[in-house]
Structure formats: C-alpha cells, structure tokens
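Below is one structure, written out as structure tokens; the observations come after it.
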C-alpha cells in the first residue's frame, strides 16, 4: 500500500542573501498551473553501476510524490564487497569537483548561495533549478544587475563564470512564484539545471583544458546504502562570512527512504539521507555520491523543517529522475544533452527556451 510520503513541510536548502538596502520583496503571486511536457524521444542511457536495482526558503511538496515500498530482503549470506575506492579518495575526488554558486544583485533582488558538482570534464555543473534560475536574471532591472560566480576551494574563492546549458521549463512553470515567496515550496521534481563554465573571473587567466568531475550513475539507490555528501552549507553564517569565509563540508550517511513522483513505483525519483551537518541552507545542489563506487547518485534538493540539522531529513533527486525528465521534455536524456558542441547548445537554450523562462520570472518579480 503506497503512503503519501511528502506531506510534511520541507525546505529548499539554498541560502538566500539579503536584498540590497531599500528594496522591498515583491508580494508572492499565485502558483502557475502545472507544466506540460514537450514530448518524449528515444535516448541512450548513460552507464549505470553494476549493482542491484540570507533567508531560508521552504517548499511544500506538490502532492504527487509517494513513498516507494521496499520488500523485506530474503535471508541470505551477505557477500563481501570490496569498495572500488577508499572513502578518503572518494571524498577528495568529490571535493575537487564541488563548486559554490554565489549570485549577488546590485538592486531589486535577494542574492543566493548554493552548491553544484562538475559532471563533465568540459566544465558542466549540475545544480538545482532554484539556484540556476538566477542566471536567467542577469540583466533584471539593469544590465549586469545579477552577478553569478562559480567559486571553488575551501574557503570558496571566485574563479569562473557560467552560462545556462539547460533548465527545465516545467520547473519554471510550476515554481516561478517561489522566487518571491517568504517560504519557498516545491517537491524536488524537475529541480535541476546544467551550467557550462565559459570564462574566468580573472580576465588574464585561461580556462583549464579539463575540469575535475564526478562520474554519474543512473542506478537506483537502495535502503541502507552508504553515501558521501558534499556541499557548501551556509545556514548559520552571516552574508559577509558567506562571501569571505565559506568552507566546503562532507558527511557520510545512509539512504533511509525512497520516493516516486506520481504512482509509478518502478521509478525512484527522490531519496532521503537523514540529518547531518549538511542539512542546512546552502547545501542545495550538493553531491550525493555512492561510497561503493564513487559515482554520483543524486543531487541535494530539499530538507524537512526542524530545529537542528540532526533532526532534519535531507532529500536528493536521483540521476535517473533527471535523465527521465530530460527525455520527457524532448532533450533525449543526459547523454544526449552532454554530447556535441556544448557552447552551441548553451547558445541555443538562450535563444529558444530562456526568453520565456526569464519572462515568467520577471512577471513574478513585478513585470520590470
């Protein structure tokens, strides 16, 4: 029997920074109707691991996520599995591909600090749509008003700039109103964005020929599977410290629950990873990596509301959900999106999908 799994209030775990002095946040507008997909296309599935199948925003789930039932395991003698990499090696490799995304506005808009993970050596960052949407607002009110930089290291230092490679129109249609909500809502469905690093913050510095990255895995997570989390948590920091002294953090945890959006329990779209020090604002877009293989299994998106980080239930969208979502929106899946000329694809996104997405956000902000 399926039970409604996401009835409790959960929060986006990006960190909103204060709007510039003198700015009044626009009144929240009614949420738009659910988005329609642009159709499905055939796609190649990317390789899966060979295993068994400053203000906190707060999302209320979209009511169509249900908990996936898990059958009790049959008694058996457990096989001894030797990890492909040590925990220390996986942590080092994940941290080397981890980024902080910091967007600051000169006027008229809150800033945001979130996390992302590089998934392609050409400089492709996977993060949440509720972070990536700020790149659509670069010229909101005035040219260059919103400045988004990609920061790396610990403490995080400005290094790159990026452009949107893809952000789902379905997410904008369902969630644009949350840009001005006092407590943002969302389930995590379609909450992803791909960014392409295209320049450095230092005009004299060249882009690297190759970026450190984490390999992706479409295999569903299992209850009890051990995961490494990595992000830039900022929930207890003042905005000045976020800009000057933000450090990456890691934690080891376990998968506790599995969820599906809708009634299709053959698909795992979201999974819980309990409460850790990373269960705070700023961790949105952080990496959830399998300790057995070092491959990316999910992207931190939401957390339940509780007084302490240990009491919160952090939740991540699966790579399989992102792959399926891309296919349903006519993008062919992750492999199709990341094949070919990425700069040309980013330019195509800006020319075709970005204008309508940008207009939807600006309408919510007051039509300027």
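Numbering (the UniProt record's numbering), first residue to last: 1 to 368.
Note that beta-carbon positions come from the ideal geometry of N, C-alpha and C, so glycine has one too.
If you're wondering where the values come from, they're calculated on a predicted model, not measured in any experiment.
Close-in-space but distant-in-sequence residues of the same chain around residue 95 (CB under 8 Å, 5 per side omitted): 154, 230, 248 and 250
Same chain only: Cβ atoms within 6 Å of residue 272, ignoring 5 sequence neighbours per side: 256, 257, 313 and 315
Rounded C-alpha distance that separates residue 178 from residue 107: Straight-line Cα distance between these residues: approximately 19 Å.
Cβ-based neighbour list, residue 234, same chain, cut-off 7 Å, excluding 5 preceding and 5 following: Only 15, 113, 242, 246, 281 and 282 meet the Cβ criterion.
Other residues of its chain near residue 36: CB distance less than 6 Å, five sequence neighbours each side excluded: Caution applies to residue 36, whose pLDDT of 31 falls short of 50 and renders its modelled position unreliable; the model cannot decide the point.
Segment limits, beta strand (DSSP E) that includes residue 100: 98-105
Environment of residue 202 [buried if 16+ CB atoms lie within 10 Å]: exposed
Spatial distance of residue 353 from residue 337 (CA atoms): 14 Å
Spatially closest choice to residue 267 from 217, 158, 293 and 318, by CA coordinates: Minimum Cα distance to residue 267 is reached at 318.
Which of helix, strand or coil DSSP assigns to residue 160: DSSP places residue 160 in strand when its eight states are reduced to three.
Host beta strand (DSSP E) of residue 132 (start-end): Element bounds for residue 132: not the beta strand (DSSP E) but the alpha helix (DSSP H), 129-132.
C-alpha distance - residue 196 paired with residue 297, whole-angstrom precision: 21 Å
Beta-carbon proximity of residue 165 to residue 295, cut-off 8 Å: no
Sequence ranges, alpha helix (DSSP H) only - wholly within the region 182-241, length at least 4: none
Residues bridged to residue 147 [DSSP beta-bridge criterion]: 104
Distance, residue 85 Cα to residue 189 Cα: 31 Å
Anticipated Cβ contact below 8 Å, residue 334 with residue 216, distance rounded: With 8 Å as the limit, residue 334 and residue 216 qualify as a contact, their Cβ atoms being about 7 Å apart.
Continuous beta strand (DSSP E) stretch holding residue 287: start and end: 287-290
Contact under 8 Å by Cβ, residue 131 with residue 99: No, the Cβ-Cβ distance between residue 131 and residue 99 is not below 8 Å.
Among 285, 360 and 331, nearest to residue 97 - alpha-carbon criterion: 285
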